[in-house]
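Asker:
There are 2 protein chains.
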Amino acid sequence: MAEPPPPDVAGFACPAPLRDRPQIVMGHGGGGALSQDLLEHIFLPAFGNPVLDQRGDSAVLDVAGLLADGGRLAFSTDAHVVQPLIFPGGSIGELAVNGTVNDLAMSGARPLSLSAAFILEEGLAIAELAGIVSRMAAAAERAGVSIVTGDTKVVERGRGDGLSITTAGIGVVPAGVELGPRQVQPGDAVIVSGTLADHGMAIMSVREGLAFEAAIESDTAPLAGLVAAMLAACPWLRLLRDPTRGGVATSLNEIAAAAGLGIEIEEPAIPVSPVVASGCEILGLDPLQVANEGKLLAIVPADEAQAVLAAMRAHEHGRQATLLGRVVAEHPGIVVMRTALGGSRVVPMPIGEQLPRIC
Amino acid sequence: MAEPPPPDVAGFACPAPLRDRPQIVMGHGGGGALSQDLLEHIFLPAFGNPVLDQRGDSAVLDVAGLLADGGRLAFSTDAHVVQPLIFPGGSIGELAVNGTVNDLAMSGARPLSLSAAFILEEGLAIAELAGIVSRMAAAAERAGVSIVTGDTKVVERGRGDGLSITTAGIGVVPAGVELGPRQVQPGDAVIVSGTLADHGMAIMSVREGLAFEAAIESDTAPLAGLVAAMLAACPWLRLLRDPTRGGVATSLNEIAAAAGLGIEIEEPAIPVSPVVASGCEILGLDPLQVANEGKLLAIVPADEAQAVLAAMRAHEHGRQATLLGRVVAEHPGIVVMRTALGGSRVVPMPIGEQLPRIC
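Quick note, the sequences are listed as chains L and V, same order. Heads up: take any position in the first sequence, counting from 1, add 96, and you land on my numbering. Heads up: take any position in the second sequence, counting from 1, add 96, and you land on my numbering.
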């Protein structure tokens with residue numbers, strides 16, 4: 097008997113592995129397993145090339161002899177659709193700058209320049225646009241980058257979302273710096289630069305109208321300076337990743353899968369501020385799965401961990417840096433957490449984002 | 097008496113020159129005078145830096161010694177919100193690739209790599225996404241660029257627009273190539289690479305359900321190869337511009353203003369295909385104000401014009417290249433058209449776009 101014809105829209109077919117869910121759902125934007133589905137079955141098969149296949153936070157271009165000093169060019173982009181546009185500790189403007197600066201920094205790059213493309217909804221108050229743009233400019237100044245090119249489009253009322261901002265950025269990875277999952281070794285230390293889940297809980301608290309005993313503010317911050325300090329302390333860092341959408345759980349699972357190694361983390365070592373911890377408890381959220389916008393994970397050689405931690409703690413964005421766990425040869429691709437009570441459990445890759453529209 | 101307080105939204109004020117229209121309207125995205133308002137009163141004051149102030153289609157970075165061969169890096173971005181997503185002759189996928197490739201090419205750059213950021217609306221058919229992505233990949237292949245990094249976000253049903261794509265691109269401007277309004281001289285020739293208004297009329301015909309005696313197809317095409325051929329024929333081209341939103345009228349007015357010179361064009365020389373001409377007539381549109389997505393304007397030294405035209409006509413995207421007019425010292429900043437009947441009229445800068453959501 098012949099196969100039934102594939103679903104068909106405007107003459108196009110849905111790739112076979114995605115046919116049981118033939119429409120976009122919110123989780124496809126969450127950075128977890130559903131986002132991976134789109135990447136693996138739509139974007140990589142169509143665009144596939146060695147640079148994209150690295151799946152880093154930014155692309156590092158292998159154009160031999162392009163840069164004068166033997167460095168390599170890093171290139172990255174992020175679309176931002178956070179709601180609300182302004183929240184405790186920041187706005188879509190700071191996220192749009194810091195998100196791309198941080199993606200560049202995670203490749204070891206010194207960010208050079210950003211582009212900014214705005215999609216505005218008819219009816220947006222010009223005052224709000226102007227205010228967000230000025231916060232964006234201040235964030236660029238703090239991060240030490242220029243916004244050198246841009247574009248603006250407008251969509252009809254009811255077809256958009258107030259304001260979305262897509263930034264792209266370019267930076268220079270210094271000669272000799274080579275970060276990536278292939279560098280990761282069993283025994284390496286896993287470091288986190290500070291408390292987890294602040295950004296996600298800040299968004300959640302304003303969106304749900306929750307009042308905690310203290311205000312929860314987004315941690316949005318540019319991390320290129322911190323990365324430069326870490327590279328100065330240890331030029332042979334193995335890998336950096338900023339745990340945004342999907343949180344630390346997603347990033348650690350991605351690292352374990354890409355490196356083909358296991359990761360063990362210690363539950364008592366997970367840094368969460370008391371107010372964020374109680375907020376997560378009330379809402380039933382796992383802080384490991386909640387988004388951060390000013391934190392990084394670093395995989396470093398075990399015997400360099402203390403030097404890297406010292407360099408991080410001397411930097412304003414790494415004061416609470418701490419050792420979170422280690423890379424192991426066992427259970428490749430799996431992240432395991434040792435609990436305070438001596439047990440252990442698998443830290444799964446989240447399916448979607450617990451909280452849509454987080455960045 | 098004290099001034100009344102400025103309009104205030106979320107603690108932000110509307111810049112004074114924009115206060116009589118304190119909300120975004122469709123025309124702010126049209127690329128004409130209203131778009132210039134946003135640029136001058138919001139974006140440039142906030143982000144202002146020498147590269148952004150050039151206001152080119154792409155930024156050319158002046159980082160001394162960055163590139164090995166003395167070239168300079170070009171960087172550009174474009175957000176795409178066209179409706180419908182698929183139209184005669186192309187789709188948002190081809191536009192997203194060719195739009196950024198062409199912005200890079202207008203600075204004289206050889207495009208290297210693109211980023212692509214997708215904002216998807218919940219409910220979008222995966223088949224449609226897959227189809228558009230595959231058209232995008234084919235366009236990148238034709239243009240000779242790789243898509244090396246990307247991002248995907250999802251917004252709730254009713255808060256988006258199906259699919260929008262923002263691309264950014266980087267390219268290399270060869271050493272010695274220096275295009276821009278400062279190069280433009282009185283007496284220079286103004287060349288256009290082919291027929292005008294095809295893209296805008298293709299969108300209009302499907303959106304309005306108009307049937308003409310022949311199908312009107314978008315001219316979307318990558319122009320970097322044409323530019324390379326033109327630079328080979330005449331390395332001292334003065335300026336290139338692709339007349340997209342707002343059409344040739346907008347681009348020529350921008351060139352005249354930036355160069356501080358006048359431009360004269362000859363009405364009988366304006367190349368418009370018969371079917372597009374009759375479509376424009378029926379709809380009361382001026383083909384000079386309608387968008388193109390695969391055409392360029394070139395300002396070249398007068399005594400090189402024939403050599404450049406010959407090189408263009410030998411290239412698939414320049415077969416119908418023609419001399420449109422000349423740069424003059426008179427009426428600086430003003431574009432004048434000499435009509436077929438021997439009269440003349442000013443070609444004004446359009447206020448917004450005659451047709452919103454064109455690219």
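Just so it is clear, CB atoms sit at the ideal spot from N, CA and C, and this is done for glycine as well. In this text, all values refer to a predicted model and were calculated from it rather than measured experimentally.
(1) By how many angstroms is the C-alpha of A175 of chain V removed from the C-alpha of A175 of chain L?
(2) Could you please give me the residues that DSSP links to H176 of chain V through a beta bridge?
(3) Run through the segment 365–399 of chain V for me and flag every whole alpha helix (DSSP H) of 4 or more residues, listed as ranges in chain order.
(4) May I ask you to list, following chain order, the residues of the segment 284–318 of chain V that have a beta carbon less than 7 Å from some beta carbon of chain L?
(5) Mind listing, in chain order, the continuous alpha helix (DSSP H) runs of no fewer than 4 residues lying wholly within the segment 215–271 of chain L?
(6) From the DSSP output, which residues share a beta bridge with E362 of chain V?
(7) Quick one: complete beta strand (DSSP E) runs, 3+ long, within the segment 258–345 of chain V?
(8) So A226 of chain V packs on F108 of chain L, CB below 8 Å; how close in whole Å?
(9) Spell out whether any CB of chain L is found under 8 Å from the CB atom of M97 of chain V.
(10) Please state the DSSP three-state secondary structure of V161 of chain V.
(11) Going along chain V, which residues have a C-beta under 8 Å from S209 of chain L?
(12) Am I right that L208 of chain V and V241 of chain V are in contact with their C-beta atoms under 8 Å? What's the rounded C-beta distance?
(13) Roughly how many angstroms lie between the CA atoms of G128 of chain V and G296 of chain V, to the nearest whole one?
(14) Out of V:L333, V:R255, V:P118 and V:V178, state which residue places its alpha-carbon closest to the alpha-carbon of M202 of chain V.
(15) Name the residues in the segment 326–337 of chain L whose C-beta lies less than 7 Å from a C-beta of chain V; which are they?
(16) Which residues in chain L have a C-beta closer than 7 Å to the C-beta of E136 of chain V? List them in chain order.
(17) Going by DSSP, what residues sit across from R441 of chain V in a beta bridge?
(18) Please report how far the alpha carbon of K391 of chain V lies from the alpha carbon of S172 of chain L, in whole angstroms.
(19) So, does the CB of A223 of chain L fall closer than 8 Å to a CB anywhere in chain V?
(20) What is the DSSP secondary structure of I138 of chain V, counted as helix, strand or coil?
(21) Sorted by chain position, which residues of the same chain lie with C-beta nearer than 6 Å to M122 of chain V's C-beta, five sequence neighbours on each side aside?
(22) Could you tell me whether the Cβ of Q119 of chain L comes closer than 8 Å to any Cβ of chain V?
(23) Indicate whether L420 of chain L and E362 of chain L have their beta-carbon atoms separated by less than 8 Å.
(24) Applying a beta-carbon distance threshold of less than 7 Å, which residues of chain L neighbour D257 of chain V?
(25) In chain order, what residues of the same chain lie with their CB nearer than 8 Å to the CB of D149 of chain L, ignoring the 5 residues before and after it?
(26) For V177 of chain V versus I215 of chain L, is the C-beta spacing smaller than 8 Å?
(27) What did DSSP end up calling S347 of chain V once you bin it into helix, strand or coil?
(28) Roughly how many angstroms lie between the CA atoms of A236 of chain L and N194 of chain L, to the nearest whole one?
(29) Just reading off the beta strand (DSSP E) that V121 of chain L is part of, what are its end residues?
(30) Once you ignore the five residues that flank V251 of chain V on each side, which residues in its own chain have a CB closer than 8 Å to its CB?
(31) Whose CA, out of V:G126, V:D116 and V:G305, lies closest to the CA of P184 of chain V?
(32) Which of helix, strand or coil does DSSP assign to M97 of chain V?
(33) Taking only beta-carbon positions, decide if A129 of chain L is within less than 8 Å of chain V.
(34) Which residues bound the alpha helix (DSSP H) around R409 of chain L?
(35) Label A285 of chain V either buried or exposed according to how many other C-beta atoms from any shown protein chain fall within 10 Å of its C-beta, with 16 as the threshold for buried.
Answerer: Let me spell this out:
(1) 11 Å
(2) V:I261
(3) Correct list: 370–379.
(4) Going along the segment 284–318 of chain V in chain order, one finds no residue with a Cβ nearer than 7 Å to chain L.
(5) 222–239
(6) V:R434
(7) 259–269, 285–288 and 335–337
(8) Rounded, the Cβ-Cβ distance is 6 Å, consistent with contact.
(9) In this predicted model, M97 of chain V has a pLDDT of only 46, less than 50, meaning its place in the structure is not dependable; the value taken from the coordinates is given anyway. With 8 Å as the cut-off, M97 of chain V does not count as an interface residue toward chain L.
(10) Here the sequence assigns Gly to residue 161 of chain V, which means Val is not the residue at that position. Three-state DSSP puts G161 of chain V in coil, outside helix and strand.
(11) V147, A155, L157 and F171
(12) 7 Å
(13) 15 Å
(14) V:L333
(15) none
(16) Neighbours of E136 of chain V on chain L: none; closest Cβ ~12 Å, over 7 Å.
(17) V:M433
(18) 29 Å
(19) yes
(20) helix
(21) Contacts found: P452.
(22) For Q119 of chain L, the nearest CB of chain V lies under 8 Å from its own CB, placing it at the interface with that chain.
(23) yes
(24) V251, R255 and G256
(25) L140
(26) yes
(27) helix
(28) 8 Å
(29) Neither: V121 of chain L is in no beta strand (DSSP E) and is coded neither H nor E.
(30) I215, L216, E217 and E218
(31) Checking every option, the nearest Cα to that of P184 of chain V belongs to V:G305.
(32) Its pLDDT being 46, under 50, M97 of chain V is placed unreliably in this model, and the value from its coordinates should be taken loosely. M97 of chain V: coil per DSSP, three-state reduction.
(33) no
(34) Unbroken alpha helix (DSSP H) run through R409 of chain L: A401 to R409.
(35) buried
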